[in-house]
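Just below is one structure, and these are the notes that go with it.
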């Protein structure tokens, strides 16, 4: 189980962004992110190939490829990506994240280090998780249906 505090210690103790990313991947191949904020902080530094490496390493260790999950998966097929996850939902979540990551690596981590030193959480609003997207959609749909029902009730 990896927390935001654990990641902060890695970031503050390492000056090189590639070393930070390597340490994140090493940590998360045998562990998982304890919450959404921790996961989003990790995603700020990862690019597409880093995330793919993380998913593959978790799969090799027999853990669901989605970093917010800690379910063991029996004998995943390395040639079929959807077998790297414990269920189809986590496959979809992972693909949704992958579409939002940068194509190229980040080289300057000084801003992230400054935010952590100042006690502020890094700006994680730039990444939307599939869980958040669905939650917002369900909320919008529920509110729309309530509004429609109320309008129909008032018309009677």
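Numbering (the UniProt record's numbering), first residue to last: 1 to 156.
Even glycine gets a Cβ: it sits at the ideal position worked out from N, Cα and C.
If we call anything under 8 Å between Cβ atoms a contact, is residue i one with residue j?
{"i": "residue 63", "j": "residue 77", "result": "no"}
{"i": "residue 104", "j": "residue 47", "result": "yes"}
{"i": "residue 97", "j": "residue 51", "result": "yes"}
{"i": "residue 58", "j": "residue 99", "result": "no"}
When you compare only the Cα positions, how much space is there between residue i and residue j?
{"i": "residue 122", "j": "residue 40", "result": "Residue placement at residue 122 is poorly supported in this model, since its pLDDT is 48, which falls under 50; the coordinates still yield a value, given next. Distance between the alpha carbons of residue 122 and residue 40 is about 9 Å."}
{"i": "residue 133", "j": "residue 95", "result": "13 Å"}
{"i": "residue 21", "j": "residue 56", "result": "15 Å"}
{"i": "residue 19", "j": "residue 54", "result": "14 Å"}
{"i": "residue 90", "j": "residue 37", "result": "17 Å"}
{"i": "residue 93", "j": "residue 23", "result": "23 Å"}
{"i": "residue 25", "j": "residue 79", "result": "21 Å"}
{"i": "residue 87", "j": "residue 60", "result": "17 Å"}
{"i": "residue 81", "j": "residue 70", "result": "17 Å"}
{"i": "residue 157", "j": "residue 136", "result": "Summary: the structure shown does not reach residue 157, with the chain confined to residues 1 through 156, and so no result is reported for it."}
Enumerate in chain order the residues of its own chain whose CB-to-CB distance from residue i is below 7 Å, with the five nearest sequence positions on each side excluded.
{"i": "residue 83", "result": "76 and 77"}
{"i": "residue 101", "result": "43, 46, 47, 48 and 51"}
{"i": "residue 66", "result": "85, 90, 93 and 94"}
For residue i, I'd like the list of residues in its chain whose CB is within less than 6 Å of its CB, leaving aside the five on either flank, ordered along the chain.
{"i": "residue 68", "result": "33 and 39"}
{"i": "residue 127", "result": "40, 43 and 100"}
For residue i, collect the residues of the same chain with a Cβ closer than 8 Å to its Cβ; drop the 5 residues on either side in sequence, then sort them by chain order.
{"i": "residue 138", "result": "none"}
{"i": "residue 182", "result": "As displayed, the chain neither begins before 1 nor continues past 156, which places residue 182 out of reach and without an answer."}
Practice prompt. Please go through the UniProt domain "RTR1-type" (41-110) and give each complete alpha helix (DSSP H) segment of 4 or more residues, from N-terminal end onward.
Written response: Listed in chain order, the alpha helix (DSSP H) runs fully inside the UniProt domain "RTR1-type" (41-110) are 48-60 and 88-98, counting runs of at least 4 residues.
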